[in-house]
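Q: Take a look at this one; I'll ask things after.
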Amino acid sequence: MKKQGILCFLLFISGVTIVLSQELSGIIDADTTLTAVLSPWIITDKVTISENVTLTVASGCTLYFHDNASLYVTHGGKLLVLGTETDRIIMTRRPGTNDRWNGIEFDGSREENIISYADILFGDGQQQIINIHRAQVVLDHLTWNSGNRTIVEVYHPRAIIQHCSFPGVDEVEVIHGLYLENDEYLILLGNTFGPPHGYNDVIDFTDCKRPGPILEVYDNIFLGGGDDGLDMDGTDAYIEGNTFMHFHKDHTGSSTSNAIATGIRNGKTSDIVVVRNVFYDNDHAVLLKENCYMTAENNTFVKSDSAVINFSEWPYRTVEPGKGVDLVGNIFWDYKQVFENQFSQPDEADPVISVNQCIVDPSVHGLGMDNMDKDPQFIDPHGDFRLSASSPAIGRGPNGLDMGAYVPAGASIAGEPADTTRETCAFLTIGGPGIRHYRYAVNDLYSSWSEEISLADYPVIELQNLQQGQSYTVYVEGKTDAGRWQQSPEYAISKTWTILPTTRSAANPSTAPDFYKLYSAYPNPFNAQTWIRFDLPESQDVKIEIYDALGRLKSTLIRKRYSAGSYVIPFDAANWPSGVYYYRMIAGDFERSQRVVLLR
């Protein structure tokens, strides 16, 4: 390491010598720690961290950078900038100067590089402040000052960017990136993004497709902009728990402004999964163009000035329309229209749209089932979109969850027996926004868990031969569409129920059920025939109908009056094509639907 102490002020305190300043430049060829007691450190030129060498910057340090100075981490090198919540690190220019230093570059380093609890100021001498090029990096609790340079550039990263505060920038994107493959990843977690000014996105990422790694965006706050929040061309993504607000076009270009935008790049489309997000005060929440597709579960969309979802940018410019959207459990409120360009131009295919269990305009109720047009009764319609206690959306979403964004992450469990029952079997339906696989344990978290199970193939847990006098609780851990096991909460917990001893005779039947209930079909999935069970607490006219995935009525299984009791009826689909179907029960004011999968 080239290391020069040009400021030779010394203090002698109780025999301890403290150098007040050090200068650094050149190649670091041995492990080195910059301590706060020797701070401030002055970086006079490019500092290169070479292979098998670690540079550690301890909490409380201040680093002053000369004009054009930088930190460069080469292949095999490692940078640890380890501030703390109460003792942050400052990386800035020399006081009293107009220096613009050249930022930090990670070039091919697959070591565990970390920059945490640091304030990075005036490091915009290049096109970006932090450049992650085929490198592994964690950026944690960082801040930057505003400017006209991209904050973070990534190329084939293995990067986690979390709990950072990004400023608004001028005429550039805040984060720009290209390519994920093999073991690479880009995870954005819990950040706040200020609005860029002009015709620029907050985040622009291109080219990652399943079955490879995909872009993951969790629990961030996007404060707006004049173009797009997330612009993803040829990019599959999993987007959960974010807030997108105030995206309104403020440029003269032909494109629209959207919280999320998709598109095609190098022949690759974008397929995105969007769950548990809040969209507020945007021109459009989502742009799905160029054969892109979205699955949206349990989101809240409020105040879309142009439309909630746009499938093209006609008439402003001609692009191929989107492939379609599957909407489940969402709340749409205070919008100009649900869909823009729902019907394509001549010689173009219309997008395929499915809408189920949503609060939405009646004009689209025919695109699915169990939709309603009622006031969701937010706690505050101008900013707090949680549901009030009297909301009609409570318990009306998929698998018995509420509609809208404010539902727990991870797996959900429905269909548990009553608190006490004489049934020695149970059929629990598993769901959850964004959940695609699961595993479960019965009673003991520390006993063996099941193998990983596909939710699409086996949405029901079947428990047989349960013991009389025993209580049961089921724990379920879900895996998201991004391929990650849920973390908070770690698992879903069923209601606990107890199997009563059998003491009654056939001559003394059990009392009528206490509630109306429609159970999950069993088996599910099924090949030719399945069974549908329901409970009636009183005599009632009952109708059960079967609908396909597009909400089209296919069959009426029953339409008759039943006495109070529990009933099981067959659903024979021997001559039906494979696919997803919904069975819907109407009994007086009670109305519920369940999903069933027919496999051939």
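Read left to right, the sequence shown gives residues 1 to 600 (my numbering). Quick reminder that beta carbons are idealized off the backbone N, C-alpha and C, glycines included.
How many Å lie between Ala409 and Asp535 at the Cα?
A: One C-alpha to the other measures close to 30 Å.
Q: If you draw a straight line from the C-alpha of Ala405 to the C-alpha of Asp124, how long is it?
A: 38 Å
Q: Judging by CA-CA distance, which residue of Asp271, Leu142, Tyr475 and Gly225 is the nearest neighbour of Asp283?
A: Gly225
Q: From the DSSP output, in three-state form, read off Pro321 for me.
A: DSSP, read as helix, strand or coil, puts Pro321 in strand.
Q: What does the alpha-carbon distance come out to for the pair Ser363 and Tyr519?
A: 30 Å
Q: Per DSSP, which residues does Ser180 bridge with? Please list them.
A: Note that residue 180 corresponds to Leu in the displayed sequence, not to Ser. Paired residue(s): none; Leu180 is not in a bridge.
Q: Whose CA, out of Thr206, Arg386, Thr262 and Val328, lies closest to the CA of Gly368?
A: Val328
Q: What is the C-beta distance between Gly412 and Gly431, in whole angstroms, given that I count them as a contact (C-beta under 8 Å)?
A: Checking the sequence, you will find Ser at residue 412 rather than Gly. Ser412 to Gly431, Cβ: 5 Å. Contact.
Q: Assign Pro501 to one of two classes, buried (16 or more other C-beta atoms within 10 Å of its C-beta) or exposed (fewer than that).
A: exposed
Q: Mind checking which residues open and close the beta strand (DSSP E) that includes Phe590?
A: Phe590 to Leu598
Q: Report the three-state DSSP secondary structure of Ala118 (helix, strand or coil).
A: strand
Q: Are the segment 116 to 133 and the segment 155 to 162 in contact at 8 Å, needing three or more beta carbon pairs?
A: Contact between the segment 116 to 133 and the segment 155 to 162 is present, because at least three Cβ pairs lie under 8 Å.
Q: Less than 8 Å separating the beta-carbons of Leu186 and Leu180?
A: yes
Q: Can you tell which of Leu79, Trp101, Tyr117 and Asp170 has its C-alpha closest to the C-alpha of Glu85?
A: Sorting Leu79, Trp101, Tyr117 and Asp170 by C-alpha distance to the C-alpha of Glu85 places Tyr117 at the top.
Q: Would you mind reading off the limits of the beta strand (DSSP E) that contains Ala405?
A: Run containing Ala405: none; DSSP gives neither H nor E here.
Q: Between the segment 478 to 489 and the segment 440 to 450, do three or more beta carbon pairs fall short of 8 Å?
A: Counting C-beta pairs with one atom in each stretch, the segment 478 to 489 and the segment 440 to 450 have fewer than three that are closer than 8 Å, which means they do not touch.
Q: Using a threshold of 7 Å, is the CB atom of Leu536 nearer than that to any non-hydrogen atom of the ligand ATP?
A: By its list of ligands, the structure shown contains no ligand whatsoever, and the ligand ATP lies outside what it can speak to.
Q: Assuming His284 is part of the beta strand (DSSP E), what are its boundary residues?
A: Val278 to Leu287
Q: Quick test of the definition: if touching needs 3 or more C-beta pairs under 8 Å, does the segment 67 to 80 touch the segment 107 to 117?
A: yes
Q: Let me confirm a value: Asp601 is counted as buried when at least 16 other C-beta atoms fall within 10 Å, else exposed. Which label applies?
A: Nothing in the structure corresponds to residue 601, since the chain is present only between 1 and 600.
Q: State the DSSP-derived secondary structure class of His197, mapped to helix, strand or coil.
A: strand
Q: At the level of alpha carbons, what is the spacing between Ser505 and Thr530?
A: Any reading at Ser505 must be qualified, since the residue scores a pLDDT of 36, below 50, and its modelled position is unreliable; the value itself is stated next. Between Ser505 and Thr530, the C-alpha separation is close to 29 Å.
Q: When DSSP labels each residue in this structure, what does Val364 get in the three-state scheme?
A: helix
Q: What residue range does the beta strand (DSSP E) around Pro570 cover?
A: Gly565 to Asp572
Q: Please classify Leu553: is it buried, with 16 or more other beta-carbons within 10 angstroms of its beta-carbon, or exposed?
A: exposed
Q: Ends of the beta strand (DSSP E) at Tyr583?
A: Gly579 to Ala587
Q: Ignore the nearest five residues each way along the sequence and tell me which others in Lys176's own chain have a CB closer than 7 Å to its CB.
A: The sequence shown places His at residue 176, rather than the Lys named in the question. Answer for His176: Thr150, Glu153 and Asp204, listed in chain order.
Q: Less than 8 Å between the beta carbons of Thr44 and Ile28, yes or no?
A: no
Q: Mind checking Thr601: buried by the 16 CB within 10 Å criterion, or exposed?
A: Residue 601 lies beyond the stretch modelled for the chain, which goes from 1 to 600, so this question has no answer here.
Q: DSSP three-state call for Ala411: helix, strand or coil?
A: Taken through DSSP and simplified to helix, strand or coil, Ala411 comes out as coil.
Q: Going by beta carbon distance, what residues of the same chain come within less than 7 Å of Thr33, once the five residues before and after it are set aside?
A: Thr56 and Ala58
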